[in-house]
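Q:
2 protein chains.
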Amino acid sequence: MTYRSPVADILFSLKAVAGLSEFIGAKLDGEFDWETIASVVSEAGRFATEEIAPLNRSADTVGATYANGAVISPPGFADAYRRWAEGGWGGVSAPSEFGGMALPHLVNVACTEIWNGASMAFALCPLLTESAIGALKAYGSKDLLDVYLEAMISGRWTGTMNLTEAQAGSDLNGIRTRAERADDGTYRLFGEKIFITYGEHDLAENIVHLVLARLPGAPAGTRGLSLFLAPKFLVNPDGSLGASNDLRCASIEHKLGIHGSPTCVMIFGESEGAKAWLIGEENRGLAAMFVMMNAARLAVGTQGVAIAERAYQQALEFARERRQGRSAKGGEGMAPIIEHPDVQRMLMTMKASVHAARGICHLTAASLDLASHGRTEAERTAGANRAALLTPIAKAFSTDLGDEATSLGVQIHGGMGFIEETGAAQHMRDSRIAAIYEGANGIHGIDLVLRKLPLAGGATARNEVNEMRDVARAVSERGGADFGATSARLSEAAEALDQATRAMQIWLSSDTESALAGASAYLRLFGLTLGGACLAKAGLAAQALAREGDDSELARVALARFYAEKLLPVAPGLNRIVASGAGAMKSYESVLADSI
Amino acid sequence: MTYRSPVADILFSLKAVAGLSEFIGAKLDGEFDWETIASVVSEAGRFATEEIAPLNRSADTVGATYANGAVISPPGFADAYRRWAEGGWGGVSAPSEFGGMALPHLVNVACTEIWNGASMAFALCPLLTESAIGALKAYGSKDLLDVYLEAMISGRWTGTMNLTEAQAGSDLNGIRTRAERADDGTYRLFGEKIFITYGEHDLAENIVHLVLARLPGAPAGTRGLSLFLAPKFLVNPDGSLGASNDLRCASIEHKLGIHGSPTCVMIFGESEGAKAWLIGEENRGLAAMFVMMNAARLAVGTQGVAIAERAYQQALEFARERRQGRSAKGGEGMAPIIEHPDVQRMLMTMKASVHAARGICHLTAASLDLASHGRTEAERTAGANRAALLTPIAKAFSTDLGDEATSLGVQIHGGMGFIEETGAAQHMRDSRIAAIYEGANGIHGIDLVLRKLPLAGGATARNEVNEMRDVARAVSERGGADFGATSARLSEAAEALDQATRAMQIWLSSDTESALAGASAYLRLFGLTLGGACLAKAGLAAQALAREGDDSELARVALARFYAEKLLPVAPGLNRIVASGAGAMKSYESVLADSI
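Residue numbers (the working numbering), protein chains in the order written: chain A, 120 to 715; chain B, 120 to 715.
#1: Would you check if the stretch 472-491 of chain B and the stretch 409-427 of chain B touch, i.e. whether three or more CB-CB distances between them fall below 8 Å?
#2: Tell me the DSSP secondary structure of Gly149/B in three-state form.
#3: Taking buried to mean at least 16 other C-beta atoms within 10 Å of its own C-beta, is Gly663/A buried or exposed?
#4: Indicate whether the contact test is met: 3 or more Cβ pairs, each with one atom in the stretch 641-655 of chain A and one in the stretch 678-697 of chain A, closer than 8 Å.
#5: With H, G and I counted as helix, E and B as strand and the rest as coil, what does DSSP make of Arg666/B?
#6: Taking Ile479/B as part of the alpha helix (DSSP H), name the residues at either end of that continuous run.
#7: If you measure from the beta carbon of Leu520/A to each beta carbon in chain B, is any gap under 8 Å?
#8: Tell me, please, whether the CB atom of Asp198/B is closer than 8 Å to any CB atom in chain A?
#9: On the DSSP bridge list, what partners appear for Tyr185/B?
#10: Tell me the residue span of the beta strand (DSSP E) that contains Tyr306/B.
#11: What ranges does the beta strand (DSSP E) occupy inside the stretch 239-287 of chain B, keeping only unbroken runs of at least 3 residues that lie completely in it?
#12: Does Gln662/B have its Cβ less than 8 Å from a Cβ in chain A?
#13: Which parts of the stretch 633-678 of chain B are runs of the alpha helix (DSSP H), unbroken and 4 residues or longer, counting only runs that do not cross its ends?
#14: Any idea if Gly358/B is buried or exposed, counting beta-carbon neighbours within 10 angstroms, 16 or more meaning buried?
#15: Measure the Cβ-Cβ separation of Ala690/A and Ala604/A and say whether it is below 8 Å.
#16: Could you tell me whether the stretch 615-626 of chain A touches the stretch 436-446 of chain A, using the rule of 3 or more Cβ pairs below 8 Å?
#17: Got a sec: which bits of the stretch 346-370 of chain B sit with their beta carbon under 9 Å from any beta carbon on chain A, in order along the chain?
#18: Residues bridged to Cys230/B by DSSP?
#19: When DSSP labels each residue in this structure, what does Gly195/B get in the three-state scheme?
#20: Excluding five sequence neighbours on each side, which residues of the same chain lie with their C-beta closer than 6 Å to the C-beta of Tyr200/A?
#21: Please classify His328/B: does DSSP put it in a helix, a strand, or coil?
#22: Among Glu586/A, Asp522/A and Ile531/A, which one has its Cα closest to the Cα of Asn560/A?
#23: Please list the segments of the alpha helix (DSSP H) lying wholly inside the stretch 486-538 of chain A, counting only runs of 4 or more residues, in order along the chain.
#24: Note the first and the last residue of the continuous alpha helix (DSSP H) segment covering Ala543/B.
#25: Just to make sure I have the definition right: I need the residues of chain A whose C-beta is within less than 8 Å of the C-beta of Thr283/B. Which are they?
#26: List, in chain order, every chain A residue whose beta-carbon is nearer than 8 Å to that of Ile631/B.
#27: Any beta carbon from chain A within less than 8 Å of Ile552/B's own beta carbon?
#28: Can you check whether the C-beta of Thr121/A is within less than 8 Å of a C-beta belonging to chain B?
#29: Who are the Cβ neighbours of Gln286/A in its own chain at under 6 Å, not counting the five residues just before and after it?
#30: Look at the Cβ atom of Lys470/A, then the Cβ atom of Glu458/A, and state whether they are nearer than 8 Å.
#31: With 9 Å as the limit, tell me which residues of the stretch 309-335 of chain B have their beta carbon closer than that to any beta carbon of chain A; keep them in chain order.
#32: Nearest chain B C-beta to Gly692/A closer than 8 Å, yes or no?
#33: Measuring alpha carbon to alpha carbon, tell me which residue in Leu466/A, Asp488/A, His224/A and Val419/A is nearest Asp686/A.
#34: For the putative contact between Leu308/A and Thr296/A, defined by C-beta atoms under 8 Å, what is the C-beta separation to the nearest angstrom?
#35: Count the other CB atoms within 10 Å of the CB of Phe409/A; is the residue buried (16 or more) or exposed (fewer)?
#36: Suppose you measure from the CA of Asp148/B to the CA of Ala490/B; what does that come to, to the nearest Å?
Right, dumping it as structure tokens:
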């Protein structure tokens, strides 16, 4: 069960799929060079492989534990976290004036995958902190930034997102946590939040809670929500830590997976109220929260990639060592099961899924970088729109593939996969949350169809489809026989996606029910096709390298072919599912009645 | 989390999909009437709902425990098992001369679903016992039958299947457990078996182990395996229990799911050898074992149906009660999430999966009954061939759907689904073993393609495809508008299956690699299409009832339509995956190398 961070694959994807080197040259005027980035990613990989990954099993078996308001992290987490923070890893893409490395977000996403592949339960703490930093940076006052930002970027303090309440999960309209104005310009919070990841722990000196709450007289629904910052320990004017705030962790959950990550019930304001500071304006908390959520959504998509890669590596190692049955190739004795075609199919499906989802996450991150650093307003707007379009796909498609790949990992292990000590089942259990949190995946289908397809009058989605067509054309023109039917299958898939997109865009103004009925199938079709394009781009880049004399990457062509011939052919069927609209669901009440 | 056995749905499927009433009338000369069968199934449902289902949660949290060679079953299991045995449920399809009810196997499969829906962990004990009874009945000597059969059918003693060893899982060639001949005509066993379900427990007085082992000088491989019976307690001539045999449970496994079912390491022959009796002939153990395995495979497929139904009921209840977001219908306040189209899609997918897989399992069981009770040799052969063809599909497709449906059940629960106390995650964990044991599902794909497609010169498979075409035609001729595109989608799927079948049959003699590369996709295509035909048959039967004045079953038409329009459209894509052959996998060694 040795695991190593897939540094070379990630770097290849950054270059060949997301175009990082072009980005560096063209967009940031050479401020970062490729060697710097490659060495940062490699060092992250080394740290994760050596110091975090070995803790992942015991984090599952021991888990985070709770006693008397305190949470004890799993064995080794506190030490590893300290060294992680000392390495400056909390600030990969943070501004240099607050101690960050100020690297592109694309590099940050590469590192996010690396931490999560080593241990999802560990990496959730930085993931949430980074999201909190994002919201604070975008909407926090200068005073708040001065007190909190450097400490959070350095990893000395961590951050949380306090949104969910028992009656308000996917629907934030129902939030009841109450805020009151104090005389000194601060606020007091009263209420109970659930499912708060790393709401309490022993990894860092302080915990900075970002909390959605409602002021007296605020409008109903999400337009009456404000975002507050409430630290676990109040901060003295000199930056040292003062008294405990009026907030506590009441319990942690007993979960299917990510046992090492404490999921807390947080209680605010049992006596005088938790002291809090407003972030942004009153009743405008949702805008700030969306900054957090968008960053977190891409990061969660990246978790899907990471856990699939981890499961793949373990299944591959097992398949090379476990001997059962005769090889189709002949030979004496029992063969390693990797020689059986169905095991090859499962392993290649896992690997192709990892590479496809990784490519989509990288494209999304590159678009975010373009949105921030594009040379022109038009370039920045296009980047922002593309990131908005791709974020629900990066989140939902990648996490669905994470579930599928980790389940295949269990299957490859056979009976051993069902035994907890093997570790394969842990990946499946850990993975399962990613399709649920940061917006259950069905909600991302709705987001994609209702909010993202209309962007730029539909041009953002059209451009994306056209880019996939271009890739199919390029494979047909210069890919050659090794790509097999890649161009044909990718073209068909792109046409299916184009048809489905047109159907959706018509329904948006005429038949929302049909649009909603097909939203999940549409997202799947989009992700499946875009993933195929990412793999084909990687294959073409490998061939270009080979023409320069380096043929070490050519297996990427065969991987693209596998994906195109063995996974992509269902794309036209997905279009037909979308096209069938809502008719099949009109009788849902009688179908879902108890009587049949 | 109330659960009720789906008695009405099961009875409808027995009649409308598997044709039980025709079978009763035509094949068994009225020996069983429909009312008897309906009352047996109803009573099984009542017992399971009231006495077994409530134990399922604590069976998961407490589990089976091990101490000093003994296994303690979860709270309530021993009592429930005693009452289950007293009810005669161990003998639903067993011969009446040994105390059985002698009902058709189809009724037995109905009951198997009922026990497993109530608790998979509990139901595994009867499942294994029944398989052992099957092998004993088919190959045991009269002496053995006289000593063991009545006690096993009555449930006083239970049975096990001892196949797997650490080095021999899917591949029985590697079995090393050794048998020696004793002077008295009995044998002595020496060896270690793993993954022995209910190898030790406190539910019954005695445990009858069926053990695959190798005699001195036996041929290598599976042709040198013999099947033995070794009881936990030796049986005195008067039928009372004597000394302990030389066998013991050394430990039980810590598993992902089915915690209530002890999975044992069994050690045979630590001193003088475990006393054992031969079943059938020396070195012919595999034939007897296949009798057990075939019965167990259909039963495991039925577990997939059962656990999907259980997860569906729980998700449905949650979706009716949990309120989040506005309804598409409008209205004040938060709506039950069942009003959201994507939740409807997930629930209907779960329900359609249950009904499709149930139909396939029932068709398989009906074929087994025809094989036993057909009026002519030709009828019996056709029944046996059809059962052989459908068994791998019933096993693998149903258990894959079980995994998918239970995962959807978690998803519908949102964050609560990830919390163990909710219980939704347990179904997903319990379900996961079914695609692994009794032959990992990939092996059933191979079995279907290599061994089952050639049956009767290919006629068995052709007939099956033609039956699906007939259903599509019937829907087109008399189904009407409520079926939507059911006939069109089912026809397309049947043609896709026909093409894939032809491709496979050509490859069987020319290109085994391509046949193996597409075996899993082919099995999926077969199951998906056959499932659609089962649902359409049920819909047609519901319309026939409505014409007689009973319109209470008409929602089955809408369920068939949902399946056809929302799940079946990927069938042509699956055919294209099959058709692409092994080309995409030829480079597997470089694709699965560490270097990319």
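For glycine and all other residues, C-beta sits at the position ideal for the given N, C-alpha and C.
Please read these numbers as outputs of a predicted model, since none were measured by experiment.
A: According to the structure shown:
#1: Cβ pair count under 8 Å is three or more, so yes.
#2: On the second sequence, residue 149/B is found 30 positions in, with the first residue counted as 1. No answer about Gly149/B holds up, because its pLDDT of 49 lies below 50 and its placement is not dependable.
#3: Along the first sequence, one-based indexing puts residue 663/A at 544. Sequence inspection shows Ala at residue 663/A; the Gly mentioned does not correspond to that position. Counting Cβ neighbours within 10 Å, Ala663/A comes out exposed, since fewer than 16 surround it.
#4: yes
#5: Taking the second sequence and counting its residues from 1, the one referred to as residue 666/B is at position 547. The answer is helix: DSSP assigns Arg666/B an H, G or I state.
#6: In the second sequence, the residue the question calls residue 479/B occupies position 360. Taken as a continuous stretch (DSSP letters only), the alpha helix (DSSP H) holding Ile479/B covers Pro460 to His492.
#7: As a working mapping, residue 520/A is identified with position 401 in the first sequence. Leu520/A does not count as touching chain B.
#8: Mapped onto the second sequence, residue 198/B falls at position 79. Answer no: the Cβ-Cβ gap between Asp198/B and chain A never drops below 8 Å.
#9: The sequence position of residue 185/B within the second sequence is 66, counting from 1. Its beta-bridge partners are Val190/B.
#10: In the second sequence, residue 306/B corresponds to position 187, counting from 1. Note, Tyr306/B: beta strand (DSSP E), Tyr306 to Thr316.
#11: As far as the stretch 239-287 of chain B is concerned, its whole beta strand (DSSP E) runs of at least 3 residues are 276-281.
#12: Numbered from 1 along the second sequence, position 543 holds the residue referred to as residue 662/B. No, no contact with chain A.
#13: As far as the stretch 633-678 of chain B is concerned, its whole alpha helix (DSSP H) runs of at least 4 residues are 638-666.
#14: Position 239 of the second sequence, counted from the start, is the residue given in the question as residue 358/B. The residue is exposed, with fewer than 16 neighbouring Cβ atoms inside 10 Å.
#15: Position 571 of the first sequence, counted from the start, is the residue given in the question as residue 690/A. Position 485 of the first sequence, counted from the start, is the residue given in the question as residue 604/A. Cβ atoms of Ala690/A and Ala604/A: not closer than 8 Å.
#16: no
#17: none
#18: Taking the second sequence and counting its residues from 1, one reaches residue 230/B at position 111. Per DSSP, none; premise fails for Cys230/B.
#19: The residue you call residue 195/B lines up with position 76 of the second sequence. Look at Gly195/B here: in three-state DSSP terms it is coil, with no helix or strand label.
#20: Numbered from its first residue, the first sequence carries residue 200/A at position 81. Hits under 6 Å: Leu322.
#21: Here residue 328/B refers to the residue found at position 209 of the second sequence. Note: His328/B maps to strand in three-state DSSP.
#22: Residue numbering aside, residue 560/A sits at position 441 when the first sequence is read from its first letter. Considering only alpha carbons, the answer is Asp522/A.
#23: 496-531
#24: For the purposes of this step, residue 543/B is taken as the residue at position 424 of the second sequence. Per DSSP, Ala543/B belongs to the alpha helix (DSSP H) from Ala543 to Ser550.
#25: The residue you call residue 283/B lines up with position 164 of the second sequence. In chain order: Gly534.
#26: By 1-based counting over the second sequence, the position of residue 631/B is 512. In the sequence as displayed, the identity of residue 631/B is Thr instead of Ile. Residues of chain A passing the Cβ test: Ala447.
#27: For this step, residue 552/B is matched to residue 433 along the second sequence. Interface residue, yes.
#28: Here the question's residue 121/A lines up with position 2 in the first sequence. No, no contact with chain B.
#29: Here residue 286/A is taken as the residue at index 167 of the first sequence, counted from 1. Answer for Gln286/A: Gly293, listed in chain order.
#30: One-based indexing of the first sequence puts residue 470/A at position 351. One-based indexing of the first sequence puts residue 458/A at position 339. Their beta carbons are not under 8 Å apart, which means Lys470/A does not touch Glu458/A by this criterion.
#31: Taking 9 Å as the Cβ-Cβ cut-off against chain A, the residues of the stretch 309-335 of chain B that qualify are Ile313 and Phe314.
#32: Stepping through the first sequence from its first residue, residue 692/A is reached at position 573. Output row for Gly692/A: interface = yes.
#33: Within the first sequence, the letter at position 567 stands for residue 686/A. The amino acid occupying residue 686/A in the given sequence is Leu; Asp does not appear at that position. Here the closest residue by C-alpha is Leu466/A.
#34: Translated into the one-based positions of the first sequence, residue 308/A becomes position 189. Translated into the one-based positions of the first sequence, residue 296/A becomes position 177. Yes, they are in contact, since the Cβ atoms of Leu308/A and Thr296/A sit about 6 Å apart, within 8 Å.
#35: In the first sequence, the residue the question calls residue 409/A occupies position 290. Answer is exposed; the Cβ neighbour count stays below 16.
#36: Residue mapping note: residue 148/B aligns to position 29 of the second sequence, counting from 1. Residue mapping note: residue 490/B aligns to position 371 of the second sequence, counting from 1. Low per-residue confidence applies at Asp148/B: pLDDT is 44, beneath 50, and the placement is therefore not dependable enough to give any value.
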